[in-house]
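Line by line, the protein sequences are chains B and A.
Residue numbering for the first sequence follows the numbering used here, beginning at 1 and increasing consecutively.
Residue numbering for the second sequence follows the numbering used here, beginning at 1001 and increasing consecutively.
The structure under discussion appears below in the form of C-alpha cells.
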Amino acid sequence: MLSSIGLTYPWMLILAPLCAAFLLYVYLKRGQGKRLIISSTLIFSQLKNTASARRRINLPWRLLVELLVFTLLAFAAAGVFRVGAGERVAILIDNSFSLNARPQLDKQKSLLDLSRESARKYLQSLPNDAEVAIYITSPRLIQLSKSWISPSSANLFIDQIEVAPAGANIESELAQLARKSELRRIYIVSDQSPALKELPKDDRIKFSTVGGEKQIENFSIGDIALEGNSLTPENVVLSANILSHAKTQKSLSIVASFLSTAGSSLSILSTQGLTIEPGNSKKISFKNLPDATLYKIELKENDGILLDNSAWIAPTTLKRRILFVTDSPDNNLGLEKIGLLDFKIINSQAYSPKLIEDGTPIIFDSNSPAELPPSNSLFINPPDNNAFYSSRNVSRNSQVTDWVEAHPILTYLNLAALKMQALKPLGVPSWANSLINTSDGPAVVAGEFNRHRYAAVGFQIFPYEGGENRLVSILSLNLLKWLVDSSLNNGYLPPYSTLKLEPTTSSVHSLDDKNFSREPIQKGQVTFSRPGAYALNDSTRPTRMVAVNFFSSQESNTLEPGKYNLSTLATKLEEPQSPHSWTKLLAEVVLIILILDLIISTLSTIRQRSTKWNLT
Amino acid sequence: MLPANFSPEFLKRLELLKIHTSRAFQGRRQGEHISLKKGFGIEFSDYRKYELGDNPRHIDWGVYGRTDRFYVKRFREEENISILIAIDPSRSMVASTTDRKWEVARDLAMALSYITLMQQDSVILAPLGHQACSSFYGGRAFHQLAASLTKIKPGKDLQFDRELFTAANKVKFPGKAIVISDFLMPFEVIERGFNSLRAKNLEICAVQILGEHEVDPPIGRAQHTLVDSETNQQIELLLNEDSKAEYLYLLEKHNLEIRRYFLSASISYLQFVTSKPFDDLVFTRLPEIGLIKC
C-alpha cells in the first residue's frame, strides 16, 4: 500500500512531527492541571513519588483527534497521491475528411499518416506511467480508448484511426476536453493550425499541424444532381459542381457512368473536359441519360484528395412510403406514376394512428379520422362531417381569386388557369392558412399543428394524371413534396445517414468498385458511414440503390485548411488536480473532523458549566 | 474593633477562664525560691482568694477580719508570669481564604491574651517574622493588644526556627509559651524552634491550626499543579481516592512525629481544624490539654 503512495512535496511532511511535538508539549503543559496554591507542599512532595499520585500522562481523546487532523493536513500539504497513476494526457487527432490529402501526389501517404506519426512521437515523449486517452474529432468527439491506457498501448488505437467523411469542429471539441480538469496535457494534431492572435491561457494545450509545409492542390465535386422534371424523364440532366482548390488554371476530365437496372457494374456514359480557373467552381452536365438506378460522376485527376473526386446519385434513393387511405373502389389512382413515392393503400376502416407511429405521411382521400393524425397529413376532398375543415356545399365552376405567392405548395403553378370542376370550399382552422381562395371560398388550406404539417384540398386531385393535367399534377407533386418534407430529387444521402429497411431486405453492400463490403444491418436499419453506392438486396423486389456523398468545400480545400480559434479557451481553468491526488479528500476529512470536534466540545462545555466547583 | 468572635458574651465567658501552668515558676510561691529581684522590693499588687497550698503568711488578716474570707496578697513578681504567644503569620496560614487559618490563629491568640491579661499576667505577643514583640499587662492593655494583632498582615516569608529563637529571647523570666501555627514544615525546623523555647525553661503549648482542605483535600480525576504558598515549589499530582488516602496517611505520620516530639519534650499539643467552631477550640479543646481551666 505504502509503495503506491507518492508525495508531490515530500518535505512538507516535516509538518507532521513538528505539529505532533508542539501538540504534545501543549498538552503536557496543559496536563499540569489546575494550579492550586496550598499552604504547604510538605506532605504532597512525599506523595508525588507514590504510584497513586504520580502524574500520569492522561492524554485526552482530543489530543488524538488534533494529532490526526494535523497529520492529515501535513499529508494534504505534501500532495499525497496514488503512485503509478501518472498524469493524464488527452491526444486529439483530427480525422476529418481533409486528412485524406496527400502532400506528395506520387505517394499514398496522407495527412492522417503524418498525424499518426506526430501522435506516436508525442507518446514517446510521455513518461511511462502517463495515462493516455485517444480522441478523434470526426464525425464528433469520440474517445477511442474507453479507459486510460499507457502510452505504448495508445499506439494501437492510433493505428486504427481512419479518416471520416465529416468535418471537424475543433474549437468545440477542444473546449470539451479543456473542461476535463483531470487532464494535465492536451495534444492536438490537425491539418488546421491555431489562430494565434491570442494565445490560449490554458497552457495544457499543445498543438501540432501537419501538412503545412507544402500547399496541396485539390479538385473536388461540390454537388451532384438530377435536374429536370420527373414528368419528362427525357429532359433529366445529370449535373455536378466542380470546385478548384488550386493555384493555377486546370483542365480536367470528368467521366459520367451509370448502373443500369439489370447490370451489376457501372457503364461509362460519357467523358467531358473542363477547364477551371483557380479557386473557382464550374458546373458540368450530362444529358440523354439512360434509364438507370445509379449515376456516377468522377474526376479523373490525381490531386490532393481522391475521395472527393467521385459522386453518386440514385434516383430511387428516397422512395418514401406514404399511407393512402381511401374507400374508393377504383384502384386506379395513378399513384404508380409518382415513382418517387411508395404508396400503401388501405381503407378508412383499416386506418389506425398506430400505423403511422413512425411518422409515415398519410393521405386521406374523401375521408377523415376522428382526430388529427400524429403525422404529416393531406386531406383530399374531406367529407362534410370532418372535424378539422368545416366545409360547405359543393360549388361548380369556382374561380380562383387569390393565392399565397411564396408558399412551396404553390410553386411552378399558374393558378389563374386552375379549373376546379367541383369544389368543396374549406373552413380554415386557426393554425392554418388559406393558400388558394376562390369565389366560393378557400380551395387549398395548409398549416402546421403540433409540429406536423396538415394540408387540405377541397377538390379531387386523384387519379394522378401526370402530363395530361399538368397544373393539378404539379399541385399534387408540390403537395406530396411538402408532405414528405424531404427533397425528392436529391438522390443521395449524407454520410452517417440511417435508413430504415424493409423487413424483407436481406443485405446491403457497397458497390464501390474498389471495396466490396457488406454493411451491418442492425434492428432493421443500416447506417452508411462512408460515401459510395450501396445496393439494398431484397428478395421480394428489385434491388434498390442508395447513394451516399460527402460534399464539403472547406474539407476539400487543401490549399487553405483553416484555422481554429483557441481564444475561445480564454479562461484558464483552475489548476487541474491530479485525479489521483488525495489532497481534496484529506481536506474534506479534516473539515468533517473539526466540525464534529466543535460540536462535541460545545456540548461538553455546556454540560461542564453545571457541575463546576471551586477549590480555592 | 474586635473580631466577630469576641462578642460581650464571649468575653464574659473568657473571664471565667485562667491560663493554667502545671509548673511552679519562680516568684509564684513566695518563700519557695530566692527572689531574683533582691533589692527591688516586693510590690503589693492585688488580692486573690486563698487556695490550698498558699503560704498562710500571705493571708491578709485584715481582709479576713472584714470579710470573713481568706484572701492572700498578690505581689507583682508573683504575677509577672509572662505568657509568650507566638503566632505564625506566614503565607501558609493564609494560602486558603476559605480555611481561615490565620483568622482562627489570631482569634485564639487574642482569646488567650485576654485570659492572660484578665488574670493579671503579662503577654508577650510575638508574631513570628515581625520585629516587634510587644509586651502587654493588665486588662486595659487588651484592646491595644487586639489592635496589634489585627494590624498584623500575614503572608510573610519567615524561618520558623529562627523566629521562635528570636521570640524566645524576648522572654526574661520563665513562664509559658504558646505557639500557634500549622506546623506544616519539616520536623527539624519545628524541633529547632521549640528547642530554643525549651532552652528558656518555658512551659510550652503547641496549637496546630489546620484548614479543612488540608485534612480533607478535594479529589478528582484531573491533574493538579500544587504550588507551595511559601516556597513556590510546584508539584504535579493526580488527586484521586488512592492518592488522598496516602496523603492523609503521610499527614498523620508527620503530625505523629511532631506529637512524639512534643510528648517527649513535655510540650502540650492540640490540633484544631478550622471547620470546627471557634468556641469549641477555646472552651473545650484548650481545657482538654490543660492550657486553660475554668
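Positions of the beta carbon are idealized from the N, C-alpha and C atoms, including for glycine.
None of these values were measured; they are calculated from a predicted model.
D597(B) in three-state terms, based on DSSP: Translated into the one-based positions of the first sequence, residue 597(B) becomes position 597. If DSSP states are grouped into helix, strand and coil, D597(B) belongs with the helices.
Based on the DSSP secondary-structure assignment, which residues constitute the bridge partners of P1089(A)? Your numbering for residue 1089(A) matches position 89 in the second sequence. P1089(A) is not bridged to any residue.
Take I1034(A) and list the residues in its own chain whose beta-carbon comes closer than 8 Å to its own, dropping the five residues that flank it on each side. Reading the second sequence from its first residue, position 34 is the one you call residue 1034(A). Note that I1034(A) has pLDDT 34, beneath the 50 cutoff, so the model's placement of it is unreliable and the number below is only indicative. Residues of the same chain with their beta carbon placed closer than 8 Å to that of I1034(A) are lacking, with the five preceding and five following residues left out of the count.
Going residue by residue through the segment 1098-1178 of chain A, where are the continuous beta strand (DSSP E) segments of at least 3 residues, counting only ones entirely within it? Qualifying beta strand (DSSP E) stretches, in chain order: 1122-1127 and 1134-1137.
State the start and end residues of the unbroken beta strand (DSSP E) segment that holds Y464(B). Here residue 464(B) corresponds to residue number 464 of the first sequence, with the count starting at 1. Per DSSP, Y464(B) lies in no beta strand (DSSP E) segment and is marked neither H nor E.
Buried or exposed: where does W61(B) fall if 16 or more other Cβ atoms within 10 Å of its Cβ makes it buried? Translated into the one-based positions of the first sequence, residue 61(B) becomes position 61. Per the 10 Å Cβ criterion, exposed.
Complete runs of the alpha helix (DSSP H) confined to the segment 332-386 of chain B [at least 4 residues]: Qualifying alpha helix (DSSP H) stretches: none in this window.
Close beta carbons around I1115(A), own chain, < 7 Å, minus the five adjacent residues each side: By 1-based counting over the second sequence, the position of residue 1115(A) is 115. Cβ neighbours of I1115(A) beyond the five flanking positions: L1014, L1017, K1018, I1019 and I1292.
Simplified DSSP assignment, three categories, for G79(B): Walking along the first sequence from the start, residue 79(B) turns up at place 79. In the three-state scheme derived from DSSP, where H, G and I count as helix and E and B as strand, G79(B) is classed as coil.
Pull up the DSSP beta-bridge partners for N537(B), would you. The residue labelled residue 537(B) in the question sits at position 537 within the first sequence. Answer is S507(B).
Is the beta carbon of A130(B) closer than 8 Å to that of V189(B)? Looking up residue 189(B) in the first sequence gives position 189. Looking up residue 130(B) in the first sequence gives position 130. Cβ atoms of V189(B) and A130(B): not closer than 8 Å.
Quick check on L598(B): buried or exposed, where buried means 16 or more other Cβ atoms within 10 Å of its Cβ? Residue 598(B) sits at position 598 when you count from the first residue of the first sequence. The residue is exposed, with fewer than 16 neighbouring Cβ atoms inside 10 Å.
C-alpha gap between I474(B) and N218(B), whole angstroms: Against the first sequence, residue 474(B) aligns to sequence position 474. Against the first sequence, residue 218(B) aligns to sequence position 218. C-alpha separation (whole angstroms): 41 Å.
Own chain partners of L1184(A) with C-beta closer than 7 Å, once the 5 adjacent residues on each side are dropped: The residue labelled residue 1184(A) in the question sits at position 184 within the second sequence. The beta carbon of L1184(A) sits closer than 7 Å to those of S1092, all from its chain and outside the five residues before and after it, given in chain order.
Could you check if E227(B) is buried or exposed, using at least 16 other CB atoms within 10 Å of its CB as the buried criterion? In the first sequence, the residue the question calls residue 227(B) occupies position 227. Exposed, since its Cβ has fewer than 16 Cβ neighbours within 10 Å.
Straight-line Cα distance separating N469(B) from I461(B): Against the first sequence, residue 461(B) aligns to sequence position 461. Against the first sequence, residue 469(B) aligns to sequence position 469. Between the alpha carbons of I461(B) and N469(B) lies a gap of roughly 10 Å.
Could you name the residues that DSSP lists as bridge partners for K283(B)? On the first sequence, residue 283(B) is found 283 positions in, with the first residue counted as 1. Looking at the DSSP output, K283(B) bridges to N241(B).
Going by DSSP in three states, M545(B) sits in which element: helix, strand or coil? Here residue 545(B) refers to the residue found at position 545 of the first sequence. Three-state result, M545(B): strand.
Does the distance between the C-beta of Y534(B) and the nearest non-hydrogen atom of the ligand MG fall short of 7 Å? Ligands in the displayed structure: none, and consequently the ligand MG is not present.
Test: R35(B) CB closer than 8 Å to a CB of chain A: As a position in the first sequence, residue 35(B) is number 35, starting the count at 1. For R35(B), the answer is yes, since a Cβ of chain A falls inside 8 Å of its Cβ.
What does the Cβ neighbour count give for W431(B), buried or exposed, with the cut at 16 atoms within 10 Å? Reading the first sequence from its first residue, position 431 is the one you call residue 431(B). Label assigned to W431(B): exposed.
State buried or exposed for K419(B), treating a residue as buried only when at least 16 other CB atoms are found within 10 Å of its CB. Taking the first residue of the first sequence as position 1, residue 419(B) is located at position 419. The residue in question, K419(B), is exposed, as its Cβ has fewer than 16 Cβ neighbours within 10 Å.
Going along chain A, which residues have a C-beta under 7 Å from T41(B)? The count along the first sequence starts at 1 and reaches residue 41(B) at position 41. Chain A residues near T41(B): L1226, D1228, Q1233 and I1235.
Which residues, in order along the segment 1103-1117 of chain A, keep a beta-carbon less than 7 Å from a beta-carbon of chain B? Residues: none.
For a contact defined as C-beta to C-beta under 7 Å, what are the partners of L47(B) on chain A? Counting from 1 along the first sequence, the entry for residue 47(B) is found at position 47. Residues of chain A passing the Cβ test: L1237, S1243, E1246, Y1247 and L1250.
Nearest by alpha-carbon distance to L47(B): which of E1009(A), D1242(A) and K1200(A) is it? Here residue 47(B) is taken as the residue at index 47 of the first sequence, counted from 1. The shortest Cα separation from L47(B) among E1009(A), D1242(A) and K1200(A) belongs to D1242(A).
Coarse secondary structure for I1034(A), derived from DSSP in three states: As a working mapping, residue 1034(A) is identified with position 34 in the second sequence. Note that I1034(A) scores 34 on pLDDT, short of 50, meaning its location in the model is unreliable; the coordinates nonetheless yield the value given after this. In the displayed model, I1034(A) falls within coil according to three-state DSSP, outside both helix and strand.
Are F1262(A) and V1104(A) closer than 8 Å when you measure CB to CB? Position 262 of the second sequence, counted from the first residue, corresponds to residue 1262(A). Position 104 of the second sequence, counted from the first residue, corresponds to residue 1104(A). With contacts defined by Cβ atoms closer than 8 Å, F1262(A) and V1104(A) do not form a contacting pair.
Assigned exposure category for F1136(A) - 16 Cβ within 10 Å defines buried: Taking the first residue of the second sequence as 1, we reach residue 1136(A) at position 136. So F1136(A) counts as buried.
Would you tell me roughly how many angstroms separate the C-alpha atoms of F364(B) and I268(B), rounded to the nearest one? Along the first sequence, read from residue 1 onward, the residue named residue 364(B) stands at position 364. Along the first sequence, read from residue 1 onward, the residue named residue 268(B) stands at position 268. If I take the Cα positions, the gap works out to 44 Å.
Could you compute how far the alpha carbon of S601(B) sits from the alpha carbon of A20(B)? Counted from its first residue, the first sequence places residue 601(B) at position 601. Counted from its first residue, the first sequence places residue 20(B) at position 20. In this structure, the alpha-carbon of S601(B) lies about 21 Å from that of A20(B).
Going straight from the alpha carbon of I1258(A) to that of F1187(A), what length do you get? By 1-based counting over the second sequence, the position of residue 1258(A) is 258. By 1-based counting over the second sequence, the position of residue 1187(A) is 187. Taken atom to atom, the span from the alpha-carbon of I1258(A) to that of F1187(A) is near 7 Å.
Are the CB atoms of P494(B) and F550(B) nearer to each other than 8 Å? For this step, residue 494(B) is matched to residue 494 along the first sequence. For this step, residue 550(B) is matched to residue 550 along the first sequence. With respect to F550(B), P494(B) sits close: the two C-beta atoms are nearer than 8 Å.
Candidates I216(B), S118(B) and L501(B), of which the one nearest Y558(B) by Cα: Numbered from its first residue, the first sequence carries residue 558(B) at position 558. Contrary to the premise, residue 558(B) reads as Thr rather than Tyr in this sequence. Out of I216(B), S118(B) and L501(B), I216(B) has the C-alpha closest to the C-alpha of T558(B).
According to the Cβ coordinates, are F1160(A) and L1125(A) closer than 8 Å? Locating residue 1160(A) in the second sequence gives position 160, counting from the first residue. Locating residue 1125(A) in the second sequence gives position 125, counting from the first residue. When the beta-carbon positions are compared, F1160(A) and L1125(A) stay at least 8 Å from each other.
Count the other C-beta atoms from every protein chain shown that fall within 10 angstroms of the C-beta of C1205(A), then say buried if there are 16 or more, exposed otherwise. The residue labelled residue 1205(A) in the question sits at position 205 within the second sequence. So C1205(A) counts as buried.
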